[in-house]
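Encoded as structure tokens, the structure appears first; notes follow it.
2 protein chains.
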Amino acid sequence: MLAFVHAETSTGCLSDAQTLTSLAHAHDCVVIVDAVTSLGGSPIKVDEWGIDAIYSASQKCLSCTPGLSPVSFSERIVDYVKQRKEKVHSWFMDLGLILNYWGSTTRTYHHTAPINGLFALHEALLLLKEEGVERAWERHMRHYLAFKAGIEAMGLKFLVREDARLPQMSAVHVPQGANEAEVRRTLLSEFNLEIGAGLGPLAGKIWRFGLMGYSCKPENVMLCLSALGSVLADAGLAIEVGAAEAAAHRSYALQHARAARQAREQRVAAA
Amino acid sequence: MLAFVHAETSTGCLSDAQTLTSLAHAHDCVVIVDAVTSLGGSPIKVDEWGIDAIYSASQKCLSCTPGLSPVSFSERIVDYVKQRKEKVHSWFMDLGLILNYWGSTTRTYHHTAPINGLFALHEALLLLKEEGVERAWERHMRHYLAFKAGIEAMGLKFLVREDARLPQMSAVHVPQGANEAEVRRTLLSEFNLEIGAGLGPLAGKIWRFGLMGYSCKPENVMLCLSALGSVLADAGLAIEVGAAEAAAHRSYALQHARAARQAREQRVAAA
Chain A
225 MLAFVHAETS
235 TGCLSDAQTL
245 TSLAHAHDCV
255 VIVDAVTSLG
265 GSPIKVDEWG
275 IDAIYSASQK
285 CLSCTPGLSP
295 VSFSERIVDY
305 VKQRKEKVHS
315 WFMDLGLILN
325 YWGSTTRTYH
335 HTAPINGLFA
345 LHEALLLLKE
355 EGVERAWERH
365 MRHYLAFKAG
375 IEAMGLKFLV
385 REDARLPQMS
395 AVHVPQGANE
405 AEVRRTLLSE
415 FNLEIGAGLG
425 PLAGKIWRFG
435 LMGYSCKPEN
445 VMLCLSALGS
455 VLADAGLAIE
465 VGAAEAAAHR
475 SYALQHARAA
485 RQAREQRVAA
495 A
Chain B
225 MLAFVHAETS
235 TGCLSDAQTL
245 TSLAHAHDCV
255 VIVDAVTSLG
265 GSPIKVDEWG
275 IDAIYSASQK
285 CLSCTPGLSP
295 VSFSERIVDY
305 VKQRKEKVHS
315 WFMDLGLILN
325 YWGSTTRTYH
335 HTAPINGLFA
345 LHEALLLLKE
355 EGVERAWERH
365 MRHYLAFKAG
375 IEAMGLKFLV
385 REDARLPQMS
395 AVHVPQGANE
405 AEVRRTLLSE
415 FNLEIGAGLG
425 PLAGKIWRFG
435 LMGYSCKPEN
445 VMLCLSALGS
455 VLADAGLAIE
465 VGAAEAAAHR
475 SYALQHARAA
485 RQAREQRVAA
495 A
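First to last, the protein sequences are chains A and B.
If you want our numbering, it's the 1-based position in the first sequence plus 224.
If you want our numbering, it's the 1-based position in the second sequence plus 224.
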């Protein structure tokens with residue numbers, strides 16, 4: 225069994241889930257994917273990539289209330305669960321019992337469902353369906369690119385190399401001369417902007433910026449860049465306030481021009 | 225270890241939690257109590273009775289959204305959890321990890337909390353505090369007695385003998401000549417009133433009437449009695465429509481008079 229996190233929020237890495245799944249299957253392993261932060265934010269093709277078991281969460285890129293974990297299992301996993309001999313220690317996560325909700329057999333009552341959360345998830349999925357999941361993926365990439373342009377214009381560096389970077393959560397090195405916790409406190413108290421701290425060996429060394437789901441929009445990119453620039457300049461760092469916003473604006477303009485050109489070329493090709 | 229359900233909703237029995245806990249302690253057992261349906265509806269005195277571990281639920285007599293389970297553990301249980309050697313199989317219910325939320329040690333992040341549910345529970349508990357938990361217990365008893373008077377006036381019989389009966393959930397024998405499922409369907413479609421079916425060996429034999437938390441109020445008692453009387457009379461049973469409501473009304477009046485007399489006697493004794 226190979227288990228991995230698709231979108232890793234403590235570091236900001238995106239795993240190559242397709243390649244990892246192929247490798248695992250080549251070695252006769254089943255794959256369990258943690259898609260907590262990727263669902264709705266990054267492409268994930270469960271059936272096409274042949275992922276055996278996958279779980280996510282309601283409160284990340286689905287922008288729903290926390291408390292639910294959407295899951296999907298292949299037939300192979302369902303068979304495995306059904307053939308299990310050892311008693312499951314957790315009643316809460318006893319899939320054998322939960323499976324009795326499905327299928328043509330008598331529907332067995334397992335537990336009182338958190339129905340308000342289910343209504344909220346239904347609405348969140350409707351919003352995603354209206355936008356289109358591919359457009360949601362593009363939106364996360366678009367705002368990440370603008371955010372990245374701004375961060376780099378301030379001379380800050382990302383933790384993760386570019387080709388493994390997660391668009392919806394950016395880990396950025398704390399620059400020399402900045403008081404890591406003080407900057408976060410000021411962003412929260414002055415700008416109502418909460419950014420994450422580093423965890424474990426990265427504690428005190430990085431900031432983590434989430435641009436997920438509903439919060440992934442231009443006004444938040446601009447607010448975050450201008451607030452961070454102000455706070456760092458106030459702390460005495462050599463930051464030109466406004467440079468990050470200008471860089472983000474250029475990124476949006478370039479992306480817009482590129483998309484318009486591609487649409488034109490597609491129209492010409494189709495004509 | 226002795227584990228038992230305090231308020232059993234499939235049958236409508238109330239366990240004598242105080243006596244069971246004393247007996248268990250006399251035999252050096254710890255006690256785990258399921259108080260899912262009793263919390264807020266029936267007296268339960270965790271510290272006074274010396275209950276070691278107890279859990280409840282948000283959606284029964286607390287009238288909150290489902291999805292949360294309030295728990296309480298004695299120091300004895302906390303020590304037991306801390307000294308546990310075997311690895312816990314369920315990450316979700318790993319109390320050793322969850323205990324790191326408490327105390328003077330570093331607060332460890334365990335999981336994303338269902339924060340909306342917590343706000344709802346907070347509000348539900350404020351409502352209960354405003355009413356007073358003792359008055360909530362009295363309210364459940366008062367409406368059960370009125371409901372019982374009405375049920376008996378229709379000639380229906382309770383499943384559980386009177387001294388073991390749970391006030392917030394009444395199990396009543398389906399009378400001869402009534403189509404159990406048809407009656408429930410009609411109550412739901414005509415009166416927007418959902419009552420429970422029997423489970424397991426009691427399937428088809430009893431109806432279960434819940435009068436819990438917010439729903440435990442006179443208009444629901446009266447609606448339920450009049451709807452049930454109508455539906456049973458329509459089905460051809462010898463039910464005098466209106467007799468149940470009259471009996472419930474007499475019960476309320478008697479209880480009101482008794483409470484007024486007791487208050488008067490207390491005033492006299494105090495004077």
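Note that the Cβ used here is the ideal one computed from N, Cα and C, for glycine as well.
Look at Pro-338(A): its C-beta is under 8 Å from a C-beta on chain B. Between the beta-carbon of Ile-275(A) and that of Val-255(A) there is about 6 Å, and that keeps the pair under the 8 Å contact cut. Of the other Cβ atoms in all chains shown, 16 or more fall within 10 Å of the Cβ of Glu-469(B); this residue is therefore buried. The distance from the Cβ of Ser-266(A) to that of Ala-231(A) is about 6 Å, consistent with a contact at the 8 Å cut-off. In the pairwise beta carbon analysis, the stretch 364-379 of chain A is classified as touching the stretch 439-453 of chain A: at least three pairs are separated by under 8 Å. Taking all protein chains in view, the Cβ of Val-455(A) is crowded by 16 or more other Cβ atoms within 10 Å, so the residue is classified as buried. Shown here for Gln-242(B): same chain residues with a beta carbon closer than 6 Å to its own, the five before and five after excluded, namely Trp-273 in chain order. Excluding the 5 residues flanking it on each side, Met-225(A) has same chain C-beta neighbours closer than 7 Å at Cys-253, Val-254 and Ile-256, in chain order. In the structure shown, the three-state DSSP call for Ala-451(B) is helix.
For Tyr-304(A), the enclosing alpha helix (DSSP H) stretches over residues 299-307.
One finds Ser-314 and Phe-316 in chain B with Cβ atoms closer than 8 Å to the Cβ of Met-317(A), taken in chain order. Contact of Gly-422(B) with chain A is not assigned, every C-beta pair being separated by 8 Å or more. Within the model, the alpha-carbon separation for Val-229(A) versus Cys-237(A) is close to 9 Å.
For Pro-290(B), a Cβ of chain A is located within less than 8 Å of the residue's own Cβ.
With 16 or more other CB atoms across the displayed protein chains lying within 10 angstroms of its CB, Trp-361(B) is buried.
Bounds of the alpha helix (DSSP H) holding Ser-413(A) are 404-415.
In the DSSP assignment, the residues bridged to Val-255(B) are Leu-226(B). Excluding residues up to 5 positions away in sequence, nothing lies with its Cβ nearer than 7 Å to the Cβ of Glu-355(B) in the same chain. Annotation note: the stretch 337-379 of chain B contains no uninterrupted beta strand (DSSP E) run of length 3 or greater. One alpha carbon belongs to Leu-350(A), the other to Gln-283(A), and they sit about 15 Å apart. Counting only residues of its own chain and dropping the five nearest sequence neighbours on each side, Lys-429(B) has a CB closer than 8 Å to the CB of His-397, Val-398, Glu-404 and Gly-422. The straight-line gap separating the alpha-carbon atoms of Arg-485(A) and Gly-420(A) is approximately 37 Å. As computed with DSSP, Met-393(A) is found in a beta bridge with Gly-434(A).
Non-local C-beta neighbours of Asn-416(B) in its own chain, meaning closer than 6 Å and more than five positions away in sequence, are absent. Counting only Cβ-Cβ distances below 8 Å, Gln-283(B) has contacts in chain A at Thr-336, in chain order. Taking the beta carbon of Gly-236(B) as reference, no residue of chain A falls within 9 Å; the closest one sits roughly 17 Å away. Here Val-384(B) carries a coil assignment [DSSP, helix/strand/coil]. In this structure the stretch 305-312 of chain B does not lie against the stretch 277-294 of chain B, because fewer than three pairs of beta carbons, one per stretch, are closer than 8 Å. For Pro-442(B), the closest C-alpha among the options Pro-425(B), Gly-466(B), Ala-457(B) and Ala-472(B) is that of Ala-472(B).
Among the CB atoms of chain A, one or more fall inside 8 Å of the CB of Gly-341(B). When the alpha-carbon of Val-260(A) is set against those of Ala-427(A), Ala-388(A) and Val-295(A), the nearest one is in Val-295(A). Tyr-279(B) and Met-317(A) have their alpha carbons spaced roughly 18 Å apart. Assigned with DSSP and collapsed to three states, Ile-278(A) falls in strand. Here DSSP, grouped into helix, strand and coil, assigns Gly-466(A) to coil. By the beta-carbon neighbour count (other beta carbons within 10 angstroms, threshold 16), His-335(A) is exposed.
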